[in-house]
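J.: My questions all concern the structure below.
There are 2 protein chains.
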Amino acid sequence: MTQHHFGSLFLGPAAENADLVERFVVEALRDHVFWRRNFHPEDGTFITERDKRSEAYETATSTMRQELYQLLSRLKHGAPFFSPRYIGHMASDTMIASLVGYFAAMLYNPNNISEEAAPVTMELELEVGAQLAELVGYGPAPWGHLTSGGSVANLEALWAVRALKYFAPAVAIVARELELGPVWVDLGARGRVELTSMSAWALMNVPVEAALDLRDAMLRLAAVDPRLAPALDAVIVGQLGVLGFHRRFERVCGEPLPEPVVLLPSTKHYSWVKVANILGLGAGQLVELPLDAQYRIDVTRFEAVLHELDAARVPVMALVAVLGATETGSVDRLDRLMAVRAQFEGRGLSFYTHVDGAYGGYATAMFKDPQGRWVGWSPYGSEVAASFKALPATDSLTVDPHKLGYTHYPAGAIVFKDQRMRELLAAAAPYVFIDADEEPGGTHAIGQYIVEGSKPGAAAAAVWLCHRVNPLDVTGYGALIGATVTSARALKEALAGFDSPEGFRLIPLNDPDLNLVNFIAVPPGVTSLAELNAFNEALFRRFATNPERVVFTYDFLLSKTEFDAEKHQAGLQARLDPALWALVAGGGRLTVLRSTVMNPFIAQALESGHFFQALLKALAVEMRAAAPEATRTAVGR
Amino acid sequence: MTQHHFGSLFLGPAAENADLVERFVVEALRDHVFWRRNFHPEDGTFITERDKRSEAYETATSTMRQELYQLLSRLKHGAPFFSPRYIGHMASDTMIASLVGYFAAMLYNPNNISEEAAPVTMELELEVGAQLAELVGYGPAPWGHLTSGGSVANLEALWAVRALKYFAPAVAIVARELELGPVWVDLGARGRVELTSMSAWALMNVPVEAALDLRDAMLRLAAVDPRLAPALDAVIVGQLGVLGFHRRFERVCGEPLPEPVVLLPSTKHYSWVKVANILGLGAGQLVELPLDAQYRIDVTRFEAVLHELDAARVPVMALVAVLGATETGSVDRLDRLMAVRAQFEGRGLSFYTHVDGAYGGYATAMFKDPQGRWVGWSPYGSEVAASFKALPATDSLTVDPHKLGYTHYPAGAIVFKDQRMRELLAAAAPYVFIDADEEPGGTHAIGQYIVEGSKPGAAAAAVWLCHRVNPLDVTGYGALIGATVTSARALKEALAGFDSPEGFRLIPLNDPDLNLVNFIAVPPGVTSLAELNAFNEALFRRFATNPERVVFTYDFLLSKTEFDAEKHQAGLQARLDPALWALVAGGGRLTVLRSTVMNPFIAQALESGHFFQALLKALAVEMRAAAPEATRTAVGR
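Residue numbers (our numbering), protein chains in the order written: chain X, 508 to 1144; chain H, 508 to 1144.
Below, the structure written as structure tokens:
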């Protein structure tokens, strides 16, 4: 074991901690068992010892045992995520605390949708939400909770943003319909403006905080004007729908409301296409931002896009920046993007910023000390560090415990900087009175603020326990994730240094911002993109999980992705020699091998010095085997 | 134990099966442990025995143990869902198969979003989906899968329905823009119609199957006309958004496309408000259908609503019928509703039918024999039986294993009768070619067809194992759920028979279609609705989980809900005496106590004859205590 304590956090590649885990699991089970026995012991037993010797019971339990054996046998065809030899998708061994915490809580089967259905784990979930908010510097009153995963977190984020973007226009409708008199909006440096004097464009560019403050002002006004609450509830976009809202606005305010777009890097995760589709905005409203040579949003061209949209009077609903892109692991330059936002804010073009940190969010711990301060210096690169340190300037974050939090599925999370965002999602606004039982931020029923209606409280217990044993700073998750970043960089170097007597080449395609490495294998004398792709496809299949193949026959496991020659041009051109780039440049799609170096024991395997040599050897063997196969396939096309 | 085998299916009220469960859990753990050790045993151990005696390891494991103790101690404040004395929310003991199946699979931590991330549990999930489809008689090519819960299943259903409803209008746009020539739509009894000759109203009333067939026709045409696929992908509602679609239709087709509504019972679950909001349709597009005296959709008035909508030329996107309403457990008359649908279909008003059976779906097993045939006779009431037997005529179903499937959270499910529905949700249609690797219905990546992006494969293993040990027919789930329905009816009778010397009354407010009982407690001489509600609120608090109160001090646990005097009028008026109805009739909201009689051991507790007597006694004691308190509260208002 190294000086780190990773060895105690996981079951281990050879299940070295099996005894420990078994003790914890059995203890959790027995603890629950005897809790049950203390609830009305006078009721006695419902299943007697004599029952247990009945034929019906014997038959039923032997059926259960038989079927369990079948399940256990089928499960053995699963992917060996636990092994350092698995360097494919974002999967790895998971923490003991996650396993035991989940199991302990699932015995109680709480539903984290209200305190009544989950008196304990609802609290744990909100504690976890607060911890994640603190990690990224959101406050003073943030709102975070768990979701089933990053896709649902992204959906909830953009759902809230839609409600926010349409809020000022909704008030403009109501102010006219009810003849409310002057309603003032504080635009900060841009001064105070009277709402009904604002153009449709200006109403779609009210800054985030000003819109939330406007809602507070409406709550106060509703206390004295009983017409306001029902009128406002009736015109918000969630009630009228997107079509109805635009029609109503145009009818009441006399000009069309411009349709807003969402900006995001061109490597956008497919969940964003779904999210825009589901929300009725339309995937066509997603505007892709070009990438630089590190596959991050090209900031200069981002500025140019904003200038164009400003000139065309197309409002921006949100910028989605990415902290660890799914395919390249790249970290967008939040610091520079937020500087650009501030500049356009001054020009009257205002937008919300959501960070999709489903993958990279936990890596923030690499830059926080145990006192919660941003660390002054970082071994992980000053640009990446600067990006993470700009998180407090953003508005919300998707961050998945079940990725770099090393917990079990399902555990995504969404964190909003300002708790008031969630109120925009409630079915009915608490304009008239607030239930005395319901404190602000109360936990009584979160179902109205979130996409889901049932959620396992066990997931909250799992994440909570992980955070307790592995702090969200450089001593805990920071050290753990940092070690994997170091391993990923070592992998990139090892691939670059590969030398083959037959002339095969391995070309890394990224400089890992986090722990993800992309590369291609190039056979000697390759003459077309089709041939190159067929070769990498054939190679991938030799390293890919496959239900038909016995797991024990794999030496290493990889995953794959595709790079679009046009979208990834800057990065590809910087890394491919001119001849190879010429093959790719035609605008096609390049098949790329992809390794997430996420397993914490890889760092240790590297200490022995042989690990990546073994990988390179395995790649060499399989490249030799794949070459003729790929040639056949490419010719056959 | 009774003649049923329920005693072997659950851990038990006194954890009678603790030994059995412990053996299964330990076996599953060890089975996984030794699987790990057989993957590249030559790698040796990464955590050595010497490491385990290091100070760092000792410190880390003692931290883990300490924090686990804290978690275990906090969990003891959880609600005793396992006990027959818990008759509140839809929660109960869960099956051993669910616990063990979940635990066994979570050791492998599969992500059920693609076969690569879950080679085994993805298969199990699709097996489960097929079993649920077979249960309700969907086929020949249905599509079902698990979700995090009923809310997400409902969201996915209406998302698919929106895509379907806007599909024929999308083709109408493309047919004009590309001048495709005649496109024929087969409307069955209404004949074949040429698409571009159809009015906007007619395009919004293409029957479900005709719309799906139209899509097939477009796939065939796209194979010969390369312009079609990109043109169609570019105009579908998921791409253009709701606003953009209506604008484009009007511009291209020369008349506005009418905005559709969604019909559902006025007791609608709050998830439907969220769903309509999220989808950008707007909650205002939900049209509430009046209820009859059984709190089911009033079929006569449903017909009247359809006549009105037809006359006003307002298209119906979907009817949402409910199989087990959250608040009353009532089962809509699917047989009669589907007859009405057929009749309006003939008149040119066509709509999709989704069944929200999140709660009641599993009860279908009460009406199926082991050969999968509908049973001829049922002890559960001929009207309820007729409703279930009409399921094959509907188009999709939400059904939650984590409710009457007795599995752990998270396990909801959505089942579509026709697999083609899912294709409407894919980001890009496979117009041009179908990947040779991807068989129809293939499991390679379901992420494009569903709302979520990550899903625990462990939930699939849990549900799968439950279905193996407890068949989806009268011998398994049917008997289990049937026993709880019988218990619920007995509870209703017991409440009705309550006799109090002080003049307190207990009035059941429903005849349980399933296992849910609503009732109110009435103090003597009550003179106002406020007083009555305060009394029932005070009573509820004495039977409600509360993190401040030690769990062991509860005798019974209940939940509550509210009835809207206007919406529930038929049912209330039939059950309250005129004086009491006069108090409620003012249009206010009535606080109602709510008992889900879901625990399988209640049937056994009833055999002893004392169980409901003990409940009535506890209610009597607490009513006496609550009466003065309620009077104070009501006066204080």
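C-beta: ideal position from N, C-alpha, C; glycine also.
These numbers come from a predicted model, not from an experiment.
By the criterion of Cβ-Cβ separation under 8 Å, what are the contact partners of phenylalanine 791 of chain X in chain H?
T.: Numbered from its first residue, the first sequence carries residue 791 of chain X at position 284. Phenylalanine is not the amino acid found at residue 791 of chain X; the sequence shown has glycine there. Residues of chain H passing the Cβ test: Ala741, Gln746, Leu747, Gly748, Gly751.
J.: Considering only C-alpha positions, which residue in the set H:Ala920, H:Ser706, H:Glu834 is nearest to leucine 662 of chain H?
T.: Residue 662 of chain H sits at position 155 when you count from the first residue of the second sequence. Residue H:Ala920 is the option with its Cα nearest to leucine 662 of chain H.
J.: Straight-line CA distance for glycine 1078 of chain X to tyrosine 802 of chain X?
T.: Residue mapping note: residue 1078 of chain X aligns to position 571 of the first sequence, counting from 1. Residue mapping note: residue 802 of chain X aligns to position 295 of the first sequence, counting from 1. Computed Cα separation, rounded: 6 Å.
J.: Any C-beta of chain H sitting closer than 8 Å to the C-beta of asparagine 618 of chain X?
T.: As a working mapping, residue 618 of chain X is identified with position 111 in the first sequence. True, the Cβ-Cβ gap to chain H drops below 8 Å.
J.: So, does the segment 751-761 of chain X touch the segment 808-818 of chain X, judging by three or more C-beta pairs under 8 Å?
T.: Not touching, per the Cβ criterion.
J.: Look at the alpha carbon of arginine 697 of chain H and the alpha carbon of proline 797 of chain X, and state the distance between them as a whole number of angstroms.
T.: The residue given as residue 697 of chain H occupies position 190 in the second sequence. The residue given as residue 797 of chain X occupies position 290 in the first sequence. Spanning the two alpha carbons is a distance of roughly 51 Å.
J.: Valine 486 of chain X touches chain H at which residues, Cβ-Cβ below 9 Å?
T.: Outside the displayed range of chain X (508 to 1144) lies residue 486 of chain X, so it cannot be described from this structure.
J.: Using a Cβ-Cβ cut-off of 8 Å, state whether glycine 656 of chain X counts as contacting chain H.
T.: The residue labelled residue 656 of chain X in the question sits at position 149 within the first sequence. At least one chain H Cβ lies under 8 Å of glycine 656 of chain X.
J.: Could you give the distance in angstroms between the alpha-carbon of alanine 828 of chain X and the alpha-carbon of alanine 660 of chain X?
T.: Here residue 828 of chain X is taken as the residue at index 321 of the first sequence, counted from 1. Here residue 660 of chain X is taken as the residue at index 153 of the first sequence, counted from 1. Computed Cα separation, rounded: 14 Å.
J.: Identify which residue in H:Pro1031, H:Gln850, H:Ala521, H:Glu556 has its Cα closest to the Cα of proline 548 of chain X.
T.: Residue numbering aside, residue 548 of chain X sits at position 41 when the first sequence is read from its first letter. Considering only alpha carbons, the answer is H:Ala521.
J.: For valine 690 of chain H, tell me which candidate among H:Ser706, H:Asn524, H:Leu721 has the shortest Cα-Cα distance.
T.: On the second sequence, position 183 is the one that residue 690 of chain H refers to. Nearest option by C-alpha distance: H:Leu721.
J.: Would valine 713 of chain H pass as a contact of valine 692 of chain H if the rule is Cβ separation under 8 Å?
T.: For the purposes of this step, residue 713 of chain H is taken as residue 206 along the second sequence, with counting starting at 1. For the purposes of this step, residue 692 of chain H is taken as residue 185 along the second sequence, with counting starting at 1. Going by C-beta atoms, valine 713 of chain H is nearer than 8 Å to valine 692 of chain H.
J.: Would you verify that the beta carbon of phenylalanine 588 of chain X is, or is not, closer than 8 Å to some beta carbon of chain H?
T.: Within the first sequence, the letter at position 81 stands for residue 588 of chain X. Output row for phenylalanine 588 of chain X: interface = yes.
J.: Assign alanine 790 of chain H to buried or exposed, taking buried as 16 or more other Cβ atoms, counted over all protein chains shown, within 10 Å of its Cβ.
T.: Here residue 790 of chain H refers to the residue found at position 283 when the second sequence is read from its first residue. The residue in question, alanine 790 of chain H, is buried, as its Cβ has 16 or more Cβ neighbours within 10 Å.
J.: According to DSSP, is asparagine 1043 of chain H helix, strand or coil?
T.: As a first step, residue 1043 of chain H is located in the second sequence; it is residue number 536 there, counting from the start. Correct three-state label for asparagine 1043 of chain H: helix.
J.: Between which two residues does the beta strand (DSSP E) harbouring lysine 1067 of chain X extend?
T.: Numbered from its first residue, the first sequence carries residue 1067 of chain X at position 560. Start and end: 1066-1071.
J.: The beta strand (DSSP E) that contains tyrosine 859 of chain H, what's its start and end?
T.: Along the second sequence, read from residue 1 onward, the residue named residue 859 of chain H stands at position 352. Note, tyrosine 859 of chain H: beta strand (DSSP E), 859-864.
J.: At the 8 Å Cβ level, is valine 827 of chain X part of the contact set with chain H, yes or no?
T.: Counting from 1 along the first sequence, the entry for residue 827 of chain X is found at position 320. No, because no Cβ of chain H sits closer than 8 Å to the Cβ of valine 827 of chain X.
J.: Quick check on the DSSP output: the beta strand (DSSP E) that includes arginine 1096 of chain H runs from which residue to which?
T.: Within the second sequence, the letter at position 589 stands for residue 1096 of chain H. First-last of the beta strand (DSSP E) with arginine 1096 of chain H: 1096-1103.
J.: Give me the chain H residues within the contact set of glutamine 1111 of chain X, using Cβ-Cβ distance strictly less than 7 Å, ordered along the chain.
T.: Residue mapping note: residue 1111 of chain X aligns to position 604 of the first sequence, counting from 1. Within 7 Å Cβ-Cβ: Phe553.
J.: Name the residues in the segment 559-575 of chain X whose C-beta lies less than 7 Å from a C-beta of chain H; which are they?
T.: Cβ contacts with chain H: Ser561, Ala563, Tyr564, Ala567, Thr568, Thr570, Met571, Glu574, Leu575.
J.: Alanine 952 of chain H: beta carbon under 7 Å from a heavy atom of the ligand GDP?
T.: As presented, the structure is devoid of all ligands, the ligand GDP included, so that no description of it is given.
J.: Restricting to runs no shorter than 3 residues, where is the beta strand (DSSP E) found entirely within the segment 693-759 of chain H?
T.: Those beta strand (DSSP E) runs which fall completely within the segment 693-759 of chain H and span 3+ residues are 699-701.
J.: Straight-line CA distance for aspartate 874 of chain X to glycine 983 of chain X?
T.: Here residue 874 of chain X corresponds to residue number 367 of the first sequence, with the count starting at 1. Here residue 983 of chain X corresponds to residue number 476 of the first sequence, with the count starting at 1. Note on identity: in this sequence residue 874 of chain X is phenylalanine, with aspartate being the wrong assignment. Roughly 11 Å between the two C-alpha positions.
J.: Going by DSSP in three states, glycine 919 of chain H sits in which element: helix, strand or coil?
T.: Here residue 919 of chain H is taken as the residue at index 412 of the second sequence, counted from 1. Three-state DSSP puts glycine 919 of chain H in a strand.
J.: Output the distance between the C-alpha atoms of alanine 1121 of chain X and tyrosine 913 of chain X, rounded to the nearest integer angstrom.
T.: As a first step, residue 1121 of chain X must be located in the first sequence, where it is residue number 614. As a first step, residue 913 of chain X must be located in the first sequence, where it is residue number 406. Going from the Cα of alanine 1121 of chain X to the Cα of tyrosine 913 of chain X covers about 26 Å.
J.: Over what stretch of residues does the alpha helix (DSSP H) that includes threonine 570 of chain X continue unbroken?
T.: By 1-based counting over the first sequence, the position of residue 570 of chain X is 63. Taken as a continuous stretch (DSSP letters only), the alpha helix (DSSP H) holding threonine 570 of chain X covers 562-582.
J.: Please name the residue, chosen from H:Phe1118, H:Ala1045, H:Leu575, that lies closest to leucine 1002 of chain H on a Cα-to-Cα basis.
T.: Here residue 1002 of chain H refers to the residue found at position 495 when the second sequence is read from its first residue. Checking every option, the nearest Cα to that of leucine 1002 of chain H belongs to H:Phe1118.
J.: Look at the alpha carbon of alanine 625 of chain H and the alpha carbon of alanine 709 of chain X, and state the distance between them as a whole number of angstroms.
T.: Within the second sequence, residue 625 of chain H is the residue found at index 118, counting from 1. Within the first sequence, residue 709 of chain X is the residue found at index 202, counting from 1. Approximately 48 Å, taken between the alpha carbons.
J.: Could one say the Cβ of threonine 774 of chain H lies closer than 8 Å to chain X's Cβ atoms, at least one of them?
T.: Counting from 1 along the second sequence, the entry for residue 774 of chain H is found at position 267. Not closer than 8 Å to any Cβ of chain X, the Cβ of threonine 774 of chain H fails to qualify, so no.
J.: Helix, strand or coil for arginine 1012 of chain H? Go by DSSP, reduced to three states.
T.: Position 505 of the second sequence, counted from the first residue, corresponds to residue 1012 of chain H. Three-state DSSP puts arginine 1012 of chain H in a strand.
J.: Name the two residues that bound the continuous alpha helix (DSSP H) containing tryptophan 542 of chain H.
T.: Position 35 of the second sequence, counting from 1, holds the residue named residue 542 of chain H. Its alpha helix (DSSP H) spans residues 525-544.
J.: Measure the alpha-carbon distance for leucine 582 of chain X versus alanine 966 of chain X and round it to whole angstroms.
T.: The count along the first sequence starts at 1 and reaches residue 582 of chain X at position 75. The count along the first sequence starts at 1 and reaches residue 966 of chain X at position 459. Each residue's Cα considered, the two are about 22 Å apart.
J.: Chain X beta carbons: is any one of them nearer than 8 Å to that of arginine 1096 of chain H?
T.: Numbered from 1 along the second sequence, position 589 holds the residue referred to as residue 1096 of chain H. No, its Cβ sits nowhere closer than 8 Å to a Cβ of chain X.
J.: Listed in chain order, which residues of the segment 963-975 of chain H have Cβ atoms closer than 9 Å to some Cβ of chain X?
T.: Correct list: Pro963, Gly964, Ala965, Ala966, Ala968, Trp971, Leu972, Arg975.
J.: Start and end of the alpha helix (DSSP H) containing tryptophan 650 of chain X?
T.: Translated into positions along the first sequence, residue 650 of chain X becomes position 143. Looking at the DSSP string, tryptophan 650 of chain X is not in any alpha helix (DSSP H); the run it does join, the beta strand (DSSP E), is 650-654.
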